[in-house]
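All remarks here apply to the structure that follows.
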Amino acid sequence: MYALLDGNNFYVSCERVFRPSLRGRPVIVLSNNDGCAIARSNEAKALGIAMAEPWHQVRQRLGDAGVVALSANFTLYGDMSSRMMSLAAGLGPAQEIYSIDECFVDLGGLRGDLRARAQRLRERIHQWIGVPSCVGIAPTKTLAKLANHIAKDAERRPGHSYPAGLAGVCDLGTLPPSDLDALLALTDVGEVWGIGRRLGAQLREAGVANVLQLRALDPALARRRWSVVVERTVRELQGQPCVALDDQPGPRKEVSCTRAFGVAVDTLAPLEEAVSEYASRAAFKLREDGSAAAQVLTFIHTNPFRRWEKQYSRAATVPLRRPSAETGPIVQAALRGLRQVWKPGFRIHKAGVILLDLQDAAVQQGELALEAEPGGRPRERLAQALDQINDRWGRGTLQVASAGLGGEARSWTMKQQWRTPHYTTSWDDLPVAHAG
DNA sequence: TCTGGGGTCCTAGGACCC
DNA sequence: TCTGGGGTCCTAGGACCC
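Be aware that the first sequence starts at 1, since it is given in full-length UniProt numbering, and climbs by one per residue.
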């Protein structure tokens, strides 16, 4: 048996903890560059704001409907997430943190009333963290995701053709089969974990429009007609676990840092700054992971939404002489890649650096010249010193000069007009409570 | 004017090997 | 009626997730 716990409208809920005036109002959180809505309060959903809808469209459509838009504050959400996850871990013997706002918990071997346990967890998270959440319980992960969706929907729209008692926590295992079938028939096939826009359309085309119909498919047919992924999904809906709990995720296979620019760029110099910056951020993530990369991929492309402009998109992969997590060689490789793909005459909209072919930094092959240097491995110590200084004095205290020196020169940096403070991770941003 | 970022997995096809 | 067979590795692209 699995539980899936998911924070409701997570980013918006995090913001509301520190700005109670946002409660009851339509609030959305925007992606980087203040591009599109990536989280919506229930009030915003009720206004018809779609997931990933561009902010400029929302504004155009709704005018001044009182929608509050905030820039994403991932530092805040990440910290709130780890607090929520540590509470959720108490629900069962093993936990898989699946994303910033949701986790699976293995409920195997637990006695007693699972619903009541889950309710207590929700209450505790609400009281201690301030974030509302819902729990789905079922024999497979796919069904648990579905149960969570039902628990959320039942809570958000009380009385909306759901059996009583599903709001907040939904345990599919305890439902009478006829109730379960009725529930699945009400649920669109696109709500199923693993069925996206494309597959959803293909399934509907084939007459499979709701979850009851998807569950009724022959797994072999699902594989023949679609793929092994769809077959697994069908089996999971039928109650046969095909996706195990992954509570010890392996090391990442790639690390990237990619961004759209605040304004398009048509010369090489600002691209070199941006790529230097992205490469050093990616190298930092690599060091946090204890990994080293063997290849560095750099890409640039124009804005695909501006169809009337000349389009250009290129990527280049540059191998490193030996696997590394050091800022210097990685930035140099990324810049070499950039010079391979750079071509004048285009308005470049986005660039990125992806570190590939990752391996454990600890098992790197030694090198004669390096080992022989007095004082151990000076390059490693340089990287350590860099990270320690930036950790103590703030990100960006020390950086590679090729990333530019800030101010007006860095016109390419992303837009972030409405970001709230780092309430929980920065002393300077600590909220202050006033009496009276 | 304004349309995100960071991941994973699967499949097909080509290159190459003996 | 016919172009060998069987295998691996790599890459690009598609689809999905949040």
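Beta carbons are placed, not taken as given, at the ideal position from N, Cα and C, and that holds for glycine. Keep in mind it's a predicted model, so treat the numbers as computed, not measured.
Beta carbon of residue i, beta carbon of residue j: below 8 Å?
i, j, result
"K152", "N32", "no"
"R252", "D387", "no"
"residue 445", "I137", "Past the boundaries of the shown model lies residue 445; the chain is included only from 1 to 436, so the question cannot be answered."
"L5", "V211", "no"
"I330", "V296", "yes"
"A282", "V353", "yes"
"I38", "Y11", "yes"
"V192", "V17", "no"
"L358", "V255", "yes"
"G239", "P139", "yes"
"K350", "R410", "no"
"A294", "V318", "no"
"V234", "I300", "no"
"L382", "I389", "no"
"T327", "V400", "yes"
"G90", "L110", "no"
"I129", "M85", "no"
"P54", "G35", "yes"
"T75", "H422", "yes"
"A167", "F104", "no"
Which whole-angstrom value describes the C-beta separation of residue i and residue j, a residue pair presumed to lie in contact below a C-beta threshold of 8 Å?
i, j, result
"V243", "E236", "6 Å"
"L245", "D106", "5 Å"
"A315", "T298", "7 Å"
"P163", "D179", "5 Å"
"V29", "A65", "Not a contact, Cβ separation roughly 17 Å."
"A325", "A362", "About 11 Å separates the two Cβ atoms, so there is no contact after all."
"V169", "R115", "5 Å"
"L203", "L214", "7 Å"
"E123", "L70", "That pair is no contact at about 27 Å."
"A147", "D171", "7 Å"
"L121", "A88", "7 Å"
"R19", "T425", "Not a contact, Cβ separation roughly 17 Å."
Classify residue i as buried or exposed, calling it buried when 16 or more other Cβ atoms lie within 10 Å of its own Cβ.
i, result
"S280", "buried"
"A154", "buried"
"W412", "buried"
"M51", "exposed"
"R392", "exposed"
"E272", "buried"
"H434", "exposed"
"L355", "buried"
"V228", "exposed"
"P323", "buried"
"G290", "exposed"
"H160", "exposed"
"A403", "buried"
"K310", "exposed"
"S13", "buried"
"S133", "buried"
"L338", "buried"
"E205", "exposed"
What three-state label does DSSP hand residue i in the structure shown?
i, result
"residue 449", "Nothing in the structure corresponds to residue 449, since the chain is present only between 1 and 436."
"V208", "coil"
"Y423", "coil"
"G352", "strand"
"F346", "coil"
"L217", "coil"
"L30", "strand"
"L271", "helix"
"Q240", "coil"
"T142", "helix"
"F305", "coil"
"T187", "coil"
"A316", "strand"
"R252", "coil"
"R395", "coil"
"A264", "strand"
"Q416", "coil"
"G7", "strand"
"A129", "Looking at the sequence shown, residue 129 is not Ala but Ile. Note: I129 maps to coil in three-state DSSP."
"R321", "strand"
"E326", "coil"
"A433", "coil"
"S41", "coil"
Inter-stretch contact at 8 Å, needing at least 3 Cβ pairs: the region 56-69 / the region 39-48 | yes
Give a yes or no on contact between the region 212-221 and the region 77-88, applying the rule of three or more CB pairs nearer than 8 Å.
-> no
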